[in-house]
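Since the structure comes first, as structure tokens, the remarks are kept for the end.
In structure tokens, the structure reads:
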């Protein structure tokens with residue numbers, strides 16, 4: 001990656017020799033991409049969710065919701081930053097996970113070159129598959145740099161993507177309950 005960045009700078013007409021600020025840029029950029037922006041490829045959803053915990057007795061049918069899981073990603077079309085919040089929900093069957101693990105799952109997919117819509121689908125599908133949950137959802141709201149700083153320059157635009165699996169895909173009452181929780185005042 002560092003060699004590619006070096007070639008990119010040269011192709012842009014920038015000289016590492018002439019500009020001291022660019023001396024270590026290829027190495028810094030390569031490290032950031034490898035360890036922060038693309039590290040999601042090195043993790044499976046199972047690893048992200050970690051140890052599964054037996055669901056509490058009587059929790060079947062109850063909605064677990066964690067809101068405002070902040071994430072950063074990169075747009076696969078322009079390689080520009082995306083910042084946002086994911087709201088994740090599931091209904092326990094046999095298994096639950098620690099709340100922090102839901103943020104790790106979001107990052108597992110956010111740290112890949114992935115469309116926001118696909119990220120929401122991957123999170124919801126992974127919760128359904130790994131936890132055996134009968135109902136899952138992932139709702140993402142984000143600010144896309146490619147929309148804000150280039151092209152139409154829509155500085156205030158926010159994008160939204162939703163994905164539902166199982167009962168939340170078809171149960172209107174359960175989905176309304178989820179959206180009621182998302183509408184509650186937040187800090």
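In the UniProt record's numbering, the protein residues as written are 1 to 187. From the three backbone atoms N, C-alpha and C, an ideal C-beta is built for every residue, glycine too. In this text the structure is predicted, and so the values were computed from the model without any measurement.
- Three or more Cβ pairs closer than 8 angstroms define a contact, and the region 64-83 meets that threshold against the region 92-105.
- Straight across, the Cα-Cα distance linking residue 63 with residue 89 is about 7 angstroms.
- Counting along the chain, residue 86 sits inside the beta strand (DSSP E) bounded by residues 81-90.
- Inter-residue distance for residue 34 and residue 152 is about 30 angstroms (C-alpha atoms, whole angstroms).
- With contacts defined as CB atoms closer than 8 angstroms, residue 168 and residue 135 qualify as a contacting pair.
- In the structure shown, residue 177 falls within a helical segment according to DSSP collapsed to helix, strand and coil.
- Short of 8 angstroms from the beta carbon of residue 3, and not among the five residues preceding or following it, lie these beta carbons of its own chain, in chain order: 26.
- Counting along the chain, no alpha helix (DSSP H) covers residue 71; the unbroken beta strand (DSSP E) around it starts and ends at 64-74.
- For residue 73, the closest of 141, 58, 20 by C-alpha to C-alpha distance is 141.
- Residue 133 sits close to residue 91, with the two beta carbons spaced by under 8 angstroms.
- Residue 57 carries a coil assignment under DSSP once its states are collapsed to helix, strand and coil.
- Note on residue 41: under 16 other CB atoms within 10 angstroms of its CB, so exposed under the neighbour-count rule.
- With a contact defined as Cβ atoms closer than 8 angstroms, residue 177 and residue 124 miss out at about 16 angstroms.
- Shown here, residue 166 sits in a strand according to DSSP, grouped into three states.
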